[in-house]
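FYI, in full-length UniProt numbering the residues of the sequence shown are 1 to 272. Worksheet: the structure to be examined is printed underneath.
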Amino acid sequence: MSRNFRYARAMPRFALLVEYHGAPFAGWQRQADQPSVQGAIEAALAKLEPGEHTIAAAGRTDAGVHALAQVAHCDLKKDWDPFRLSEALNYHLKPSPVAITRAARVDDDWHARFSAHERRYVFRLLMRRAPATHDAGLVWQISHQLDADAMREAAQHLIGLHDFTTFRSSICQAASPVKTLDELTITEVDGWSGRELRFFLRARSFLHNQVRSFVGTLERVGAGAWAPDRVRDALEACDRAACGPVCPPQGLYLAGVGYEDDPFPAASLPKG
1 MSRNFRYARA MPRFALLVEY HGAPFAGWQR QADQPSVQGA IEAALAKLEP GEHTIAAAGR
61 TDAGVHALAQ VAHCDLKKDW DPFRLSEALN YHLKPSPVAI TRAARVDDDW HARFSAHERR
121 YVFRLLMRRA PATHDAGLVW QISHQLDADA MREAAQHLIG LHDFTTFRSS ICQAASPVKT
181 LDELTITEVD GWSGRELRFF LRARSFLHNQ VRSFVGTLER VGAGAWAPDR VRDALEACDR
241 AACGPVCPPQ GLYLAGVGYE DDPFPAASLP KG
């Protein structure tokens with residue numbers, strides 16, 4: 001099948017690689033009375049092609065959550081050059097902290113959410129007493145040091161196929177709490193603001209608040225309040241009450257999305 005034939009459609013479809021700072025937004029999803037990332041991009045699209053636009057994303061990030069490489073798609077009337085499309089959108093997105101870092105033409109049936117086979121998240125935890133300045137709003141800051149080895153031991157209980165009811169928000173709309181967590185790696189780095197723990201998580205999909213529930217619970221292990229095996233017990237309880245604290249959103253980043261037919265094969269995805 002020729003490439004031209006595959007792209008023969010009334011409204012060409014484009015994939016967008018999106019980066020954003022989540023602080024000003026009530027999350028990705030469009031909302032009637034609050035700013036959203038989806039709403040900002042759809043408004044920019046309306047400046048290019050007047051009318052209503054609806055875009056779909058690989059994942060709906062919560063209020064305050066950031067993205068390094070969110071992926072969305074849109075259908076447009078004009079057969080845009082992908083580079084010119086990204087440039088035009090970025091012009092109309094100002095001054096919102098949202099950027100289209102790349103755009104690509106995709107097939108009719110390619111879907112940002114349903115074609116994805118993997119999501120990657122990164123969580124940044126800063127350990128220092130003095131208030132963060134340059135990283136304010138971009139990390140979860142705590143004033144005490146953590147035992148990273150104990151946290152790594154505890155994290156091993158979460159990897160694999162499990163019923164994650166304990167680490168699932170009560171308002172989660174997923175059909176099942178059973179998911180496979182492919183990776184949960186914790187690394188220590190010397191960041192500009194001080195010592196950081198960075199959590200790298202990879203799975204086909206995640207439950208609502210799953211990552212923040214993991215990190216908040218593992219922080220209790222690192223602080224010595226929980227033994228590592230208590231995480232296993234919490235998981236097996238399949239009870240939200242057994243979960244540790246849910247950490248705040250500002251350290252969480254959607255870091256990448258994987259596809260079999262990847263429109264952005266050169267996009268770098270942070271790995272543990």
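Beta carbons: idealized from backbone N, C-alpha and C, even for Gly.
Sequence-distant residues of its chain with Cβ nearer than 7 Å to GLN34 (five each side left out): ALA26
Where MET151 sits in the DSSP three-state scheme = helix
Length at least 4, wholly inside the UniProt domain "Pseudouridine synthase I TruA alpha/beta" (18–114): the alpha helix (DSSP H) runs in chain order: 37–48 and 82–93
message: Can you check which of these residues, SER96, GLY222 and ASP149, is closest to ALA40 by C-alpha distance?
response: SER96
Extract the residue ranges of the alpha helix (DSSP H) inside the UniProt domain "Pseudouridine synthase I TruA alpha/beta" (154–260), only unbroken runs of 4 or more that lie entirely within it. 210–222 and 228–237
Please determine, among GLY160, GLU49 and GLN38, the residue with the shortest C-alpha to C-alpha distance to THR61. GLN38
Margin query: Is it buried or exposed, GLY256, if we count other Cβ atoms within 10 angstroms and call 16 or more buried?
Written below: buried
message = Can you list, in chain order, the residues of its chain with a C-beta nearer than 6 Å to that of PRO263? Leave out the 5 residues immediately preceding and following it.
response = ALA15, ALA104 and VAL106
| said: Beta-carbon within less than 7 Å of LEU146's beta-carbon, same chain only, minus the 5 sequence neighbours each way: which residues are those? | reply: MET127, LEU197, GLU219, GLY222 and ALA223
Distance, Cα to Cα, MET11 vs ALA67? 27 Å
Practice problem: With DSSP collapsed to three states, give me the class of ALA136. | Solution: coil
- prompt: Do the stretch 169–181 and the stretch 84–95 meet, that is, are 3 or more Cβ pairs less than 8 Å apart?
  reply: no
In whole angstroms, what separates the C-alpha of ILE55 from that of ARG129? 42 Å
Identity of the residue in VAL18, ALA44, LEU76 and PRO131 nearest THR101 by Cα
VAL18
Report task. Work out the CA separation of ALA43 and LYS94 for me, nearest whole Å. Result -> 11 Å
Hey, is the stretch 136–145 in contact with the stretch 242–260, meaning 3+ C-beta pairs nearer than 8 Å?
-> yes
Less than 7 Å between C-beta atoms, sequence neighbours within five positions excluded: which residues of the same chain meet that for TRP28? SER36, VAL37, GLN38, ALA57, ARG60 and THR61
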